[in-house]
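Under numbering that gives the first Met the number 0, think of the first position of the sequence shown as 0, with each following residue one higher.
Here is the structure we will look at.
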Amino acid sequence: MVRILHLADLHLGWRPAFMAREQAEERRRRRDGLLARAVDLALDPGRRIGLVVIAGDLFETHCPEEPLVAAAVAQLRRLEQAGIPVVTVPGNHDEITYPNSVYQRRRDGWPGLLVTNPHPAHVATIEAQGETVHLYSLAYTGGVTQTRPAIRQFPRLDQPGLHVAIFHGTLGEGLGDRSLPLDPDALGRAGYDY
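Here it is in structure tokens:
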């Protein structure tokens with residue numbers, strides 16, 4: 000069985016506005032180190048991680064500072080170099096909608112698989128730890144991705160292997176225009192393994 004390291008909501012670049020400036024910068028510095036710590040964990044042979052998924056909001060904003068982006072890309076390249084597949088799904092904070100989005104700017108050079116389709120789809124079939132893994136996902140795209148009613152159509156191939164769905168959303172009806180509501184019963188009927 001493939002071991003998956005599932006990351007979400009790291010919000011790299013977040014500065015807490017409710018803290019004094021020095022405290023906020025320290026909190027940001029610590030948060031910005033989370034990805035490196037997660038990659039270190041994934042690369043630890045004792046952990047036997049076979050796949051890393053980033054299920055939305057890697058960054059606090061769609062247009063983070065370039066040094067932060069370069070540092071994140073360098074960390075993800077470490078996974079690539081070690082042969083560990085990585086899948087990145089944009090979230091609602093770092094959404095792909097905007098032309099200046101980090102994912103629009105880096106689309107061709109993003110390490111691993113960057114999900115860019117605005118509707119639920121089979122996005123790739125990969126090999127991880129000797130197993131076939133079918134991946135399903137979407138990148139929330141404002142004005143294109145369905146937000147009302149909750150998404151009820153989820154594809155699934157009829158092929159052997161592990162079927163992994165990666166969505167940055169909310170089970171049930173949405174919490175506003177920038178949420179991604181997913182119907183829990185329809186997800187269950189899709190028959191994903193993860």
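Where is the CB? At the ideal position from N, CA and C, for every residue including glycine.
Candidates GLN158, THR140, PRO159, of which the one nearest PHE166 by Cα:
THR140
Do the stretch 33 to 49 and the stretch 9 to 22 touch if we need at least three Cβ pairs shorter than 8 Å?
yes
Nearest to PRO66 by CA position, among TYR135, ARG28, LEU181, LEU6, is which residue?
Nearest to PRO66 by C-alpha distance, out of TYR135, ARG28, LEU181, LEU6, is ARG28.
Quick check: LEU113 and THR87, are their CB atoms within less than 7 Å of each other?
yes
Could you give the first and the last residue of the continuous alpha helix (DSSP H) run that contains GLU79?
65 to 80
Between GLY171 and the rest of its own chain, which residues show a CB-CB distance below 7 Å, the 5 nearest in sequence each way excluded?
ALA149, PRO180, PRO183
Given a cut-off of 7 Å on the beta-carbon distance, is the pair HIS118 and LEU137 in contact?
yes
With 16 other Cβ atoms within 10 Å as the buried cut-off, status of ASN91
By the Cβ neighbour-count rule, ASN91 is buried, with 16 or more other Cβ atoms within 10 Å of its own.
I'd like to confirm the pairing. Which residues does DSSP put opposite ASN143 in its beta bridges?
The amino acid at residue 143 is misidentified as Asn; the sequence shows Val. According to DSSP, which records beta bridges pairwise, VAL143 is partnered with nothing at all.
By the DSSP assignment, the beta strand (DSSP E) with ALA127 in it spans what residues?
That run of the beta strand (DSSP E) goes 120 to 127.
Buried or exposed: LEU75, going by 16 or more other Cβ atoms within 10 Å of its Cβ?
buried
DSSP state of LEU113 mapped onto helix, strand, coil:
strand
Give, in chain order, every unbroken run of the alpha helix (DSSP H) that is at least 4 residues long and sits entirely within the stretch 5 to 76.
List check, alpha helix (DSSP H) in window: 20 to 31, 33 to 42.
Are there 16 or more other CB atoms within 10 angstroms of the CB of PRO89, so buried, or fewer, so exposed?
buried
Using DSSP with H/G/I as helix, E/B as strand and the rest coil, what is LEU254?
Residue 254 lies beyond the residue range present for the chain, which begins at 0 and ends at 193; the question has no answer from this structure.
Length of the line joining the Cα atoms of ARG188 and PRO110:
32 Å
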